[in-house]
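Participant:
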Amino acid sequence: MAQVILFNVTNGLIIGAFYVLMALGLSLILNLSNVINFAHGNFLALGGYLAFTLSPVLGYWGALLVSPLLTALIGLAVERLMVRRIYNRDPVYSLLLTFGLAFVMQDAARYIWGPNGLPLGLPDVLSQPITQELFFVTWYRVFMVAIVIVSVAGLFAFLRYTRVGLRIRAGTFDLETVATLGINVRNLRTFNFAVGCMLAGLSGVLAAGQIGLNPNMGDDLLMPSFIAIIVGGVGSLIGTLFGGLLIGMAAALTTVVYPSASEAVIYAILMAVLLLRPRGLVGEEGMMS
Amino acid sequence: MSTAVVAAKRSEKESEIGGFSPGRRVVMLVAIWGALLTAPFWLPLLGGYTALAGRVLVFGLAAMGLNLLLGFTGVLSFGHAAYFGLGAYGAGLTLRYLVHSTPLAILAGTLFGGLAGTLFGLLIVRRRGVYFAMCTIAFGQLWYYLAYSWNSFTGGFDGLRDFHREAIGWAPLRLDIESNGTAFYFFLLAVFAVAVALMGFLLRSPFGRTLIAIRENERRARFLGIPIERHIWLSFSISCFFTALAGTLYALLNNFADPMALHYSLSGYFVVMTVIGGMRTFWGPLLGAAVFVILQDYISSMTVNWMSFIGAIFIFVVLFFPRGLLGTRRRAAA
């Protein structure tokens, strides 16, 4: 029993880590640009597929490094060409745009890499279990969690200690004032969008090593990420972090008791938060309205 | 006339439901109802089929229901498929497990979907903009997930089968909508007409005018003492009822309800139909639904990459055609 629980706790941690990476990217874009990026799951898949294509050339480690950056570049292009045109319009347009983009990207992935699942090969070091007793904990799982921790810490440090990070945080609260102070808000938003896509690309590479690749691999992560953002509190990245971990853990632990309710529990948490604490666990009053 | 008066007159005219001059409105109404009433006769000549016209009516009604909220109250829901699907499942489950009656199935499904929306509306009525949209998406997916995983009751991924619409009325006045597709189309049209008349009546009433006032300037409406939250909640609920009604008709049309009727991508379709036709016009969503349904039918029969085309339509509409068919016409006239 202890092993079962431990197994599901590590599972929860890993699922939660994916939710966190995905939701942080979404949250960054939502906070600064007021855009819900429906295509975020497709940027995740894109990151994974790029790693699949690049790893024969660059090796796994090279692909791990390069494909999130490439995803960010593509995100940057998408923002420049399309998303930035609708910033000043009714939010309905941004939703429709990213929604259509998600369709196109998913179909493109299916067209280029085929509709069937593909594996992403891992280096031998990572596919070993850490001990005989904990056979279900491979080094890869430890590695994934470590990467997520490092990148989340890096993101928060970046937002906290760099000038650009400061501007992004300020823009979240009052974009107009930031613009008035002479900061190029357009470039700031483009950069921010690219950073969000990079996080998605990174989680795509990591997820591909665990569950393999398929054109709609990001879809299952999209809805929990929305819920993580609402539960944590819109406008707060720390909230998104906790929200993601919370629902990942809750889903995994429910699996121990009653497997088929693991998704229901995520929605139960959502309803409870909307009912009892509408601004979210860490959210600021008024951020959601 | 001073320019101020002209501007006031124009804005008065533009806020008219539909936004057309009276003469044009009559022409448009005749054209719309004429086309709908004769659809089973001319559609096959153009290579269509009667069920396709039925689908236009059903999705048109759903999109018009959504537009009550989106276009006339200015609140964005991206989760209306939930209420559409709940209506469909409500009708299907009623026919399968409870009673073999088409009117009762419609009633049960509409109440089911509408009340779910009414209750959920209470939770999110203070949210605005994308956050409102996000809550509606997440909540909508709850129902998708439920229908998907409750296999024994809802049929799971394969959908709910083993039910069919029943003929209505009794012996001399019996309308065989069960097997006669054309009869069923006219039944759909009758329900559609009643629903649309009700919707038009609501929008012309002081209540509807208040919704438009909220859309135009929420803060000013609040200063005038209008209870904003209550109106948005009512608008959301009413719009859910109309969409749920459309959902019940969808289940009857196909004799089938599947989880995709609850999925957020269908919500996206409703929104894009509304935008294609023109968000701020009364008939726009119906026109948008016609365009979208026919395009989708055509594209999915032509290519396996239909998703790219549908996605491209979304992007195209947003970037180059944001005002929609009737919206552009109105601007050209103004």
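Here the protein sequences come in this chain order: A and B.
Heads up, the first sequence is in our numbering, so the first residue is 1 and it goes up one at a time.
Heads up, the second sequence is in our numbering, so the first residue is 1001 and it goes up one at a time.
C-beta: ideal position from N, C-alpha, C; glycine also.
1) Restricting to runs no shorter than 3 residues, where is the beta strand (DSSP E) found entirely within the region 1193-1253 of chain B?
2) List the residues of chain B that residue 227 of chain A touches, going by C-beta distances under 8 Å, in chain order.
3) Which partner residues does residue 138 of chain A have in the DSSP bridge list?
4) When DSSP labels each residue in this structure, what does residue 183 of chain A get in the three-state scheme?
5) Taking the alpha helix (DSSP H) that residue 1258 of chain B falls in, what are its first and last residues?
6) Beta-carbon separation of residue 1081 of chain B and residue 1261 of chain B under 8 Å?
7) Could you give the residue range of the alpha helix (DSSP H) that holds residue 86 of chain A?
8) Establish whether the CB of residue 242 of chain A and some CB of chain B are separated by less than 8 Å.
9) For the region 170-232 of chain A, list the alpha helix (DSSP H) runs that are entirely contained and at least 4 residues long, ordered along the chain.
10) What separation, rounded to the nearest whole angstrom, lies between the Cα atoms of residue 1313 of chain B and residue 1051 of chain B?
11) Curious, which full-length alpha helix (DSSP H) runs of at least 4 residues does the region 1043-1116 of chain B contain?
12) Check whether the Cβ atoms of residue 262 of chain A and residue 251 of chain A lie closer than 8 Å to each other.
13) Helix, strand or coil for residue 310 of chain A, going by three-state DSSP, please let me know.
14) How about the region 183-198 of chain A and the region 24-40 of chain A: do they share at least three Cβ pairs that are nearer than 8 Å?
15) Nearest-angstrom Cα distance between residue 1099 of chain B and residue 1091 of chain B?
16) Identify which residue in B:1209, B:1245 and B:1109 has its Cα closest to the Cα of residue 1226 of chain B.
17) Touch check for the region 240-255 of chain A and the region 6-26 of chain A: three-plus C-beta pairs under 8 Å?
18) So what's residue 122 of chain A in DSSP terms, helix, strand or just coil?
19) For a cutoff of 8 Å on Cβ pairs, would you count residue 1300 of chain B as touching chain A?
20) Thinking C-alpha only, which one of A:71, A:236, A:57 and A:61 is nearest residue 47 of chain A?
21) For the putative contact between residue 1104 of chain B and residue 1189 of chain B, defined by C-beta atoms under 8 Å, what is the C-beta separation to the nearest angstrom?
22) At a CB-CB cut-off below 7 Å, which residues of chain B make contact with residue 85 of chain A?
23) Does the beta carbon of residue 89 of chain A sit closer than 8 Å to a beta carbon anywhere in chain B?
24) Less than 8 Å between CB atoms is the rule here; does residue 283 of chain A satisfy it with respect to chain B?
25) Bridge partners for residue 149 of chain A per DSSP, in chain order?
26) Quick one: list the residues of chain A neighbouring residue 1088 of chain B, beta-carbon separation under 8 Å, in chain order.
27) Helix, strand or coil, according to DSSP, for residue 1313 of chain B in the structure here?
28) Who pairs with residue 1029 of chain B in a beta bridge, going by DSSP?
29) Cβ of residue 1135 of chain B less than 8 Å from any chain A Cβ?
30) Whose Cβ in chain A lies nearer than 9 Å to the Cβ of residue 1235 of chain B?
31) Does the CB of residue 22 of chain A have a neighbour CB from chain B at under 8 Å?
32) Taking the alpha-carbon positions, what's the residue 97 of chain A to residue 1065 of chain B distance?
33) Along chain D, which residues have their Cβ under 9 Å away from the Cβ of residue 278 of chain A?
34) Tell me where the alpha helix (DSSP H) around residue 37 of chain A begins and ends.
35) From what residue to what residue does the alpha helix (DSSP H) around residue 1129 of chain B run?
36) I'd like to know if the region 1283-1298 of chain B and the region 1106-1116 of chain B are in contact, where contact means that at least 3 CB-CB pairs between them fall below 8 Å.
Facilitator: Taking the structure as given:
1) none
2) Within the first sequence, the letter at position 227 stands for residue 227 of chain A. Here the neighbours are 1138.
3) The sequence position of residue 138 of chain A within the first sequence is 138, counting from 1. Its beta-bridge partners are A:129.
4) Taking the first sequence and counting its residues from 1, one reaches residue 183 of chain A at position 183. In this structure, residue 183 of chain A counts as coil in the three-state DSSP scheme.
5) What you label residue 1258 of chain B is simply residue 258 of the second sequence in a count that begins at 1. Element bounds for residue 1258 of chain B: n/a, residue is neither H nor E.
6) Taking the second sequence and counting its residues from 1, the one referred to as residue 1081 of chain B is at position 81. Taking the second sequence and counting its residues from 1, the one referred to as residue 1261 of chain B is at position 261. Yes, the pair counts as a contact, with Cβ atoms nearer than the cut-off.
7) Reading the first sequence from its first residue, position 86 is the one you call residue 86 of chain A. Careful: residue 86 of chain A lies outside any alpha helix (DSSP H) and carries neither H nor E.
8) Sequence index remark: in the first sequence, residue 242 of chain A carries index 242 (1-based). Answer no: the Cβ-Cβ gap between residue 242 of chain A and chain B never drops below 8 Å.
9) 175-180, 185-211 and 219-232
10) Translated into positions along the second sequence, residue 1313 of chain B becomes position 313. Translated into positions along the second sequence, residue 1051 of chain B becomes position 51. Straight-line Cα distance between these residues: approximately 23 Å.
11) 1050-1070 and 1081-1093
12) Within the first sequence, numbered from 1, the residue matching residue 262 of chain A stands at position 262. Within the first sequence, numbered from 1, the residue matching residue 251 of chain A stands at position 251. Yes, Cβ-Cβ distance for residue 262 of chain A and residue 251 of chain A is below 8 Å.
13) Absent from the model: residue 310 of chain A. The displayed extent of chain A is 1 to 289, so no value can be given.
14) yes
15) Reading the second sequence from its first residue, position 99 is the one you call residue 1099 of chain B. Reading the second sequence from its first residue, position 91 is the one you call residue 1091 of chain B. Rounded to the nearest angstrom, the two C-alpha atoms are 10 Å apart.
16) As a first step, residue 1226 of chain B must be located in the second sequence, where it is residue number 226. For residue 1226 of chain B, the nearest C-alpha among the options comes from B:1209.
17) yes
18) Residue 122 of chain A sits at position 122 when you count from the first residue of the first sequence. Residue 122 of chain A falls in the coil class under three-state DSSP.
19) As a working note, residue 1300 of chain B is residue 300 in the second sequence. No, no contact with chain A.
20) Here residue 47 of chain A corresponds to residue number 47 of the first sequence, with the count starting at 1. Ranking the options by Cα distance to residue 47 of chain A, first place goes to A:71.
21) Position 104 of the second sequence, counted from the start, is the residue given in the question as residue 1104 of chain B. Position 189 of the second sequence, counted from the start, is the residue given in the question as residue 1189 of chain B. So it is not a contact: roughly 20 Å between Cβ atoms.
22) Taking the first sequence and counting its residues from 1, one reaches residue 85 of chain A at position 85. Those are 1319, listed as they occur along chain B.
23) Position 89 of the first sequence, counting from 1, holds the residue named residue 89 of chain A. Closer than 8 Å: yes.
24) Counting from one through the first sequence, the residue named residue 283 of chain A turns up at place 283. No, its Cβ sits nowhere closer than 8 Å to a Cβ of chain B.
25) Along the first sequence, read from residue 1 onward, the residue named residue 149 of chain A stands at position 149. For residue 149 of chain A, which the question treats as bridged, DSSP gives no partner whatsoever.
26) Along the second sequence, read from residue 1 onward, the residue named residue 1088 of chain B stands at position 88. Neighbours of residue 1088 of chain B on chain A: none; closest Cβ ~20 Å, over 8 Å.
27) To locate residue 1313 of chain B, count along the second sequence from 1; it is residue 313. Reduced to three states, the DSSP call for residue 1313 of chain B is helix.
28) Your numbering for residue 1029 of chain B matches position 29 in the second sequence. In the DSSP output, where bridge partners are listed per residue, residue 1029 of chain B has none listed.
29) Stepping through the second sequence from its first residue, residue 1135 of chain B is reached at position 135. True, the Cβ-Cβ gap to chain A drops below 8 Å.
30) Counted from its first residue, the second sequence places residue 1235 of chain B at position 235. Under the 9 Å cutoff, chain A gives no residues; its nearest Cβ is about 16 Å from residue 1235 of chain B.
31) As a position in the first sequence, residue 22 of chain A is number 22, starting the count at 1. No, residue 22 of chain A lies away from the interface with chain B (no Cβ there is under 8 Å from its Cβ).
32) Counting from one through the first sequence, the residue named residue 97 of chain A turns up at place 97. Counting from one through the second sequence, the residue named residue 1065 of chain B turns up at place 65. So the two alpha carbons sit approximately 22 Å from each other.
33) Reference to chain D is not applicable here, since the protein chains of this structure are A and B.
34) Here residue 37 of chain A corresponds to residue number 37 of the first sequence, with the count starting at 1. That residue, residue 37 of chain A, is in no alpha helix (DSSP H); it is neither H nor E in DSSP.
35) Your numbering for residue 1129 of chain B matches position 129 in the second sequence. 1129-1149 is the extent of the alpha helix (DSSP H) around residue 1129 of chain B.
36) no
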